[in-house]
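Chains as they are written, first to last, in full-length UniProt numbering: chain A, 1 to 229; chain B, 1 to 229. For each residue, glycine too, the CB sits at the ideal point set by N, CA and C. See structure below.
2 protein chains.
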Amino acid sequence: MNTMKFAVEPLDTGASFKTKAYAALKSAISQMGIYDHPSEIRLDERQLCEALGVSRTPVREAMALLEREGFVRSVPRRGIFVVRKTKREIIEMVTVWAALESMAARLITQRATDAEIRDLEELFLGFSDAGLDEHLDEYSDANIQFHQSIIRSSDCTLINEITENLFVHIRAIRKITIQQNDRAHRSIVQHQHIIDALKKRDADLVERLVRDHTLDLAAHVEKHCDFLD
Amino acid sequence: MNTMKFAVEPLDTGASFKTKAYAALKSAISQMGIYDHPSEIRLDERQLCEALGVSRTPVREAMALLEREGFVRSVPRRGIFVVRKTKREIIEMVTVWAALESMAARLITQRATDAEIRDLEELFLGFSDAGLDEHLDEYSDANIQFHQSIIRSSDCTLINEITENLFVHIRAIRKITIQQNDRAHRSIVQHQHIIDALKKRDADLVERLVRDHTLDLAAHVEKHCDFLD
DNA sequence: ATGAAAAATATTGTATACCAGATACGGTCT
DNA sequence: AGACCGTATCTGGTATACAATATTTTTCAT
């Protein structure tokens, strides 16, 4: 039988409206700058349905997920509101992040190849060249990307999943946390030390460095972010 | 005005059918012994609706949550299946647990009162008296309770929330992980060391002890739990 | 004009009807 | 008899209708 190749793509059958709505809503919340506006932000369910072009059911199921993950809060017969984390909750998130990333770094010393660690270093060098004093905003992105790279390199799916949601909130307040240039500079130095420890494959050292580096941020939030409450 | 107490309970108005269904389903999944049966376990949506006495909508919303949390997997037009974690996923869960509980222990050394640490010790003593060689199953429960107590004492809501879901899976394979008496005995000794370190408020030491103790379990699963896949 | 009561409105929670795809079974053609 | 196709049925996905309640507006009596 003359079967010629037809090159059909697998057509993503897994993407239901619910899944798409979830992705769209989460993306929208991530980008909206939760902590910029002073007032509570309310989401109109019907309006969202119309915007997404689907009925309430998939939107509601997506909302239920976002509520469980702490992004929104649904008050019966009142509305759905975007959640603003309190200072304490932010600190808890940073603390969990510190615990997970330090474990990720430990895993890297045990499992990563030399090439993978070299990739991390090159990524880091690119970042530190890019944004120094001038573009703090860009550097803030690079900063988070550095940490995400470490977590990704650990090759632990679960740590990646958990921290992904944390970073959505962390990113939202990133602008404030790097307001002082000192932090940016110290940050680069500490990152260099972390890379060095990874290259030496010193598990205990790199774990301590990563943990303390991130807990520094927690302490900084504790001191300077009273406006959150 | 003569207002006498009437002792009416707050009648949880916040508990919607969706919430109740979520709790009921999660509880059922937790207790069903996921890894006992060899075959895939399928849940019938409409059957569950009838059993719970509600319509499909709240059950479906609850299912969406459970799917996001990794307890079930919904295949369109096929059915909803209870998820069996692979060996690798179990090890990842134990690894995350190790990271979070060691951080929790660190927090205890910084924030807990002497009385709280004493409570932990008494709890531990009660456990070790209770189940020794004979009732390994009970000891396994006590074992997990010990770890949960540490996490609870850290007073970090987020760590509590994350580990709660992990423990549902961990508990499901606990019976296997304590099959060797050595593990139970070694476990008690290590727990004693952890308590001692907490009393000395030695953050670095207790962090290391908790981490290594839990990572021991990860290594044990790696070696002896091939049957999971 | 003002206050309260009542009705209209808005919004989420729930139930149900319908849709589309996947499987199993049975019939038909070879 | 066996391969193949159509249909019947079962399943989860989606849309919509209905219910319950908080809010806002309207209305009417004082």
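Assignment of residue 41 of chain A by DSSP, reduced to helix, strand and coil, places it in the coil class. The C-beta of residue 46 of chain B has fewer than 16 other C-beta atoms within 10 Å across all chains shown, which makes the residue exposed. In this structure, residue 169 of chain A places its C-beta atom within 8 Å of the C-beta atom of residue 93 of chain A. Scanning A:123, A:90, A:200, A:155 for the CA closest to the CA of residue 220 of chain A turns up A:90. Nearest to residue 195 of chain A by C-alpha distance, out of A:212, A:122, A:184, is A:122.
Rounded to the nearest whole angstrom, the CA to CA distance from residue 55 of chain B to residue 49 of chain B is 6 Å.
Under the Cβ criterion of 8 Å, residue 95 of chain B is counted among the residues facing chain A.
Of the candidates B:202, B:188, B:198, the residue whose Cα lies closest to the Cα of residue 213 of chain B is B:188.
Counting along the chain, no beta strand (DSSP E) covers residue 154 of chain A, and no H or E run does either.
Residues 91, 94, 95, 98 of the same chain have their beta carbon placed closer than 8 Å to that of residue 218 of chain A, with the five preceding and five following residues left out of the count.
Taking the Cβ atoms as the reference, residue 120 of chain A lies roughly 6 Å from residue 149 of chain A, within the contact range of under 8 Å. Excluding five sequence positions before and after residue 144 of chain A, the CB atoms of its chain that fall closer than 8 Å to its own CB belong to 167, 170, 171, 174, given in chain order.
Proximity of residue 68 of chain A to chain B, defined by a Cβ-Cβ separation below 8 Å, is satisfied. Counting only runs of 4 or more residues that sit fully inside the UniProt domain "HTH gntR-type" (15 to 85) of chain B, the alpha helix (DSSP H) segments are 17 to 31, 45 to 52, 56 to 68, in chain order. The beta carbons of residue 113 of chain A and residue 198 of chain A sit about 12 Å from each other, so the pair does not count as a contact at 8 Å.
The beta strand (DSSP E) runs lying completely inside the segment 150 to 217 of chain A and spanning 3 residues or more number zero. What residue 92 of chain B touches in chain A, judged by beta-carbon distance under 8 Å, is 156, 157, 158, 159, going in chain order. Of the residues assessed, residue 200 of chain B falls on the exposed side of the cut-off, its CB having fewer than 16 other CB atoms within 10 angstroms.
Annotation for residue 95 of chain A: the continuous alpha helix (DSSP H) segment containing it runs 87 to 111.
About 6 Å separates the CB atoms of residue 207 of chain A and residue 105 of chain A; that is less than 8 Å, so the two are in contact.
Between residue 34 of chain B and residue 82 of chain B, the CB-CB gap stays under 8 Å. At a Cβ-Cβ threshold of 8 Å, residue 71 of chain A and residue 29 of chain A count as neighbours. In the three-state DSSP reduction, residue 226 of chain B falls in the helix class (H, G or I).
By the beta-carbon neighbour count (other beta carbons within 10 angstroms, threshold 16), residue 27 of chain B is exposed.
Taking CB atoms only, residue 162 of chain B has a neighbour in chain A less than 8 Å away. With 16 or more other Cβ atoms from the protein chains shown falling within 10 Å of its own Cβ, residue 59 of chain B counts as buried. If you ignore the 5 residues before and after residue 69 of chain A, its C-beta comes within less than 6 Å of the C-beta of 165, all in its own chain and listed in chain order. Taking all protein chains in view, the Cβ of residue 191 of chain B is crowded by 16 or more other Cβ atoms within 10 Å, so the residue is classified as buried. By the neighbour-count criterion, in which a residue is buried when 16 or more other Cβ atoms sit within 10 angstroms of its Cβ, residue 103 of chain A is buried. Residues of the segment 103 to 115 of chain B with a C-beta less than 8 Å from any C-beta of chain A: 103, 107, listed in chain order. For residue 85 of chain A, same chain residues with a beta-carbon under 6 Å away, outside a window of 5 residues either side, are 169 in chain order. Think of a sphere of 8 Å around the beta carbon of residue 61 of chain A: the chain B residues whose beta carbon falls inside it are 60, 61, 64, in chain order.
With distances taken between CA atoms, residue 57 of chain A lies nearest to A:19 out of A:32, A:36, A:75, A:19. Between residue 162 of chain B and residue 100 of chain B, the C-beta gap is smaller than 8 Å, which places the two residues in contact. The beta carbon of residue 17 of chain A is closer than 7 Å to those of 54, 58 in its chain, skipping five residues each way along the sequence.
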